[in-house]
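Residue numbers (the numbering used here), protein chains in the order written: chain A, 626 to 854; chain B, 15 to 217.
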């Protein structure tokens with residue numbers, strides 16, 4: 626009787642995980658295709674093109690997870706080839722801030738230093754918390770690299786959220802986008818840590834990530850449209 | 015065996031180099047470099063496999079995508095650094111490296127499995143694996159066009175390398191599983207999508 630119950634529970638788990646993997650692939654594909662349509666068709670802003678590449682990487686990561694789940698009939702929560710896709714996405718998000726957007730928002734004046742310090746403090750706090758939580762489970766160097774990257778993205782997102790508008794209200798229109806990126810990074814870190822602990826929360830956190838993913842690209846397009854008109 | 019194949023394929027192509035110039039010469043030269051990359055990755059893969067005693071499946075899914083993509087990444091990097099960062103040139107040579115790599119891999123696998131290969135195997139390797147290697151190297155090559163925009167290049171290139179490794183990993187995972195046909199179909203579909211969207215953007 627117990628083994629029958631266990632089998633039913635495992636079946637439910639399999640169904641839930643498969644649905645979550647499928648939904649997350651669809652959401653990231655939506656963001657990628659929408660971004661590609663908007664940014665590459667009409668030679669849109671470089672910033673949008675880089676974010677589109679980020680969602681391309683997230684889609685590949687999600688596709689790998691789904692394929693692994695279907696082929697092996699179990700999820701792989703350790704660091705794997707699919708995690709490289711997420712890592713690549715984070716590299717692109719970092720690149721979009723560092724290489725494209727930061728020069729528009731930051732004029733390097735001394736009056737802005739305090740905002741940079743606040744952002745640095747918040748992103749370092751994220752990194753320290755992640756490292757402490759990882760030490761509680763099995764410390765994984767690749768997940769640590771991932772949290773370093775997401776902290777770097779968080780630094781720029783916080784900075785652009787706090788900085789006063791110095792040029793044509795560009796930072797103001799990107800505030801919602803920056804908020805979404807902050808939530809994406811924080812929930813991604815929580816998801817990674819919940820996977821380390823094999824927590825039952827993981828699929829729900831992944832669903833939350835999907836929800837945020839859907840809104841990021843349209844929000845970025847809206848912001849870029851405002852600053853270019 | 016791998017060196018015998020390398021010499022018999024690369025030397026005639028190398029002779030051809032002296033009769034060409036311009037972009038066609040670059041393409042043939044980078045096909046030869048792709049073949050050389052396949053030989054190096056064979057050596058490195060064998061070393062890793064024997065040192066860590068990894069199973070065949072785990073090796074094909076988790077290790078070989080990383081080593082192969084990192085090795086294929088080197089020739090386009092040097093081309094971008096030393097010769098030209100024009101998109102058209104870099105995409106051409108990157109695709110050439112990928113195709114050269116696939117040619118060498120196909121011949122090697124054909125020689126060691128010659129007793130049981132068939133026309134389906136040839137079609138699969140010819141269309142699917144070659145395209146997969148070509149696409150992944152082209153993706154990395156695209157990043158080389160930003161080689162002189164330092165801020166974008168350093169971060170973007172890691173992203174593109176990760177994307178190509180993941181793509182290669184997905185292909186190997188599917189081809190090694192019971193969903194082999196989906197794996198074979200993915201590079202062909204990707205190639206068609208890239209062709210169509212490139213044409214649409216040009217229009």
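Glycine is no exception: its CB is placed at the ideal position from the N, C-alpha and C atoms.
Owing to the predicted nature of the structure, the values given are computational and were not obtained by experimental measurement.
Taking 8 Å as the threshold, the shortest C-beta distance from residue 710(A) to chain B falls below it. Here residue 789(A) carries a coil assignment [DSSP, helix/strand/coil]. Annotated as distal: residue 680(A) and residue 707(A), with beta-carbon spacing of 8 Å or more.
Proximity of chain A to residue 79(B) at the Cβ level (cut-off 7 Å) is accounted for by 706, in chain order.
Scanning its chain for C-beta atoms nearer than 8 Å, with the 5 sequence neighbours on each side dropped, one finds no residue around residue 192(B). The alpha-carbon separation between residue 64(B) and residue 141(B) amounts to approximately 30 Å. Among the residues of chain B, those whose CB is under 8 Å from the CB of residue 686(A) are 180, following chain order. Minimum Cα-Cα distance from residue 171(B) among the listed residues 158(B), 145(B), 52(B), 82(B) corresponds to 158(B). If you compare the alpha carbons of 90(B), 147(B), 118(B), 122(B) with that of residue 160(B), the shortest gap goes to 90(B).
Cβ-Cβ distances below 8 Å link residue 125(B) to 15, 19 in the same chain, with the five nearest sequence neighbours on each side left out; the list follows chain order. If you compare the alpha carbons of 37(B), 36(B), 33(B), 46(B) with that of residue 21(B), the shortest gap goes to 46(B). With its beta carbon at least 8 Å from every one in chain A, residue 55(B) lies outside the interface. Residue contact check for residue 680(A) against chain B: no CB pair falls below 8 Å. Taking residue 150(B) as reference, the option from 87(B), 189(B), 211(B), 56(B) with the minimal CA-CA separation is 87(B). The count of Cβ pairs closer than 8 Å, one atom from the region 722–736 of chain A and one from the region 769–786 of chain A, reaches three, so the stretches are in contact.
Taking a Cβ-Cβ threshold of 7 Å, none of the residues of chain B is close to residue 748(A); the smallest such distance is about 16 Å.
Residue 753(A) sits exposed, since fewer than 16 C-beta atoms from the chains shown fall within 10 Å of its C-beta.
With respect to chain A, the C-beta atom of residue 184(B) has a partner C-beta closer than 8 Å.
The way I'd put it, the region 802–815 of chain A does touch the region 829–838 of chain A; three or more beta-carbon pairs between them come closer than 8 Å. Contact between the region 670–689 of chain A and the region 166–180 of chain B is present: three or more C-beta pairs spanning the two stretches fall below 8 Å. With respect to residue 645(A), residue 828(A) sits close: the two C-beta atoms are nearer than 8 Å. When secondary structure is reduced to three states using DSSP, residue 720(A) falls in the helix class. Look at residue 115(B): its C-beta is not under 8 Å from any C-beta on chain A. Around residue 44(B), no beta-carbon contact reaches into chain A at under 8 Å, the shortest distance being about 24 Å.
Rounded to whole angstroms, residue 673(A) and residue 846(A) show a C-alpha spacing of 7 Å. A buried status is given to residue 817(A), since no fewer than 16 other beta-carbon atoms sit within 10 Å of its beta-carbon.
Three or more pairs of CB atoms, one per stretch, sit closer than 8 Å, so the region 32–47 of chain B contacts the region 100–111 of chain B. Between residue 166(B) and residue 69(B), the alpha-carbon positions lie close to 38 Å from each other. A straight-line Cα-Cα distance of about 8 Å links residue 659(A) and residue 677(A).
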